[in-house]
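Residue numbers (my numbering): 55 to 315.
Note that beta-carbon positions come from the ideal geometry of N, C-alpha and C, so glycine has one too.
Structure record follows, encoded as structure tokens.
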């Protein structure tokens with residue numbers, strides 16, 4: 055493969071040495087109590103691993119029983135670097151991490167490119183960390199799989215829901231939504247705000263979330279819209295912030311992990 059999306063935040067958000075990276079993720083996963091029922095979709099944070107890795111692991115550890123069956127992962131995360139409308143695909147044939155290359159699912163791309171709000175933007179993917187930080191976790195919890203990576207710009211929940219509905223519920227598919235929660239409040243304020251946000255997520259009340267609630271508001275709302283349409287339940291399995299993990303409590307970022315079984 056010649057066209058490979060290179061890692062942009064290896065050595066910054068997570069270790070760039072394969073052995074150290076694998077060991078770190080394994081440690082996070084082993085801290086999670088076993089759960090037999092594997093999710094169809096998860097919402098996980100995307101900060102540096104020392105801040106949010108434990109919270110992300112609480113969802114990824116639940117994939118064990120689907121490790122061999124998941125062959126496609128649809129990952130949606132917000133754009134931090136580029137402003138645009140709709141959903142952005144990549145021309146890359148594979149996405150690289152220190153652990154190895156993940157092939158892009160061209161069949162999945164072909165199934166959504168007809169939507170008028172879906173297009174290509176390699177620039178949106180070039181430096182975007184919201185998708186990248188999920189990939190080593192997926193490599194450590196699944197066997198061979200293909201990737202449908204989507205960076206989300208300004209896009210209504212109902213449009214994102216149309217895309218997710220094409221993939222949700224397939225035995226061979228996992229949906230991953232990448233989002234942090236509140237940003238840069240004091241510890242107590244963040245706890246209150248993130249609890250309120252989690253309650254809205256659980257009640258599928260996406261119309262009353264705002265960008266102060268979650269940086270991945272659009273993809274989270276799209277999953278909530280799908281859950282509402284299909285009468286599904288989203289459960290909170292972990293809710294902490296950087297003050298609980300590796301940060302100062304005067305100015306924290308919130309992290310939640312959620313699953314649809």
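The stretch 129–209 contains, as complete alpha helix (DSSP H) runs of 4+ residues, the segments 160–166, 176–180, 183–186 and 188–195 (chain order). Taking 3 residues as the minimum length, the beta strand (DSSP E) runs contained wholly in the stretch 227–285 are 227–232 and 237–239, in order along the chain. Collapsing the DSSP output to three states places residue 225 in coil. Non-local C-beta neighbours of residue 241 in its own chain, meaning closer than 8 Å and more than five positions away in sequence, comprise 295, 297, 303, 304 and 306, ordered along the chain. For residue 98, the three-state secondary structure derived from DSSP is strand.
A Cβ-Cβ separation of about 20 Å leaves residue 277 out of contact with residue 111 under the 8 Å criterion. The stretch 130–139 and the stretch 150–162 do not touch, with fewer than 3 CB-CB distances between them shorter than 8 Å. Ranked by Cα distance from residue 105, the first of 314, 313 and 309 is 309. With contacts defined as CB atoms closer than 8 Å, residue 222 and residue 280 qualify as a contacting pair. Inclusion of residue 67 and residue 206 in the CB contact set at 8 Å is not warranted, their separation being larger than that value. By the neighbour-count criterion, in which a residue is buried when 16 or more other Cβ atoms sit within 10 angstroms of its Cβ, residue 195 is buried. Here residue 113 carries a helix assignment [DSSP, helix/strand/coil]. Just measuring C-alpha positions, the residue of 198, 153 and 271 sitting nearest residue 226 is 198. In the DSSP annotation of this structure, the continuous segment of the alpha helix (DSSP H) that includes residue 81 starts and ends at 72–84. Residue burial is scored here from C-beta neighbours: residue 174 has fewer than 16 other C-beta atoms within 10 angstroms and is therefore classed as exposed.
Only exposed fits residue 139, as fewer than 16 other CB atoms lie within 10 angstroms of its CB. A straight line joining the alpha-carbon of residue 149 with that of residue 251 spans about 32 Å. Short of 6 Å from the beta carbon of residue 107, and not among the five residues preceding or following it, lie these beta carbons of its own chain, in chain order: 82.
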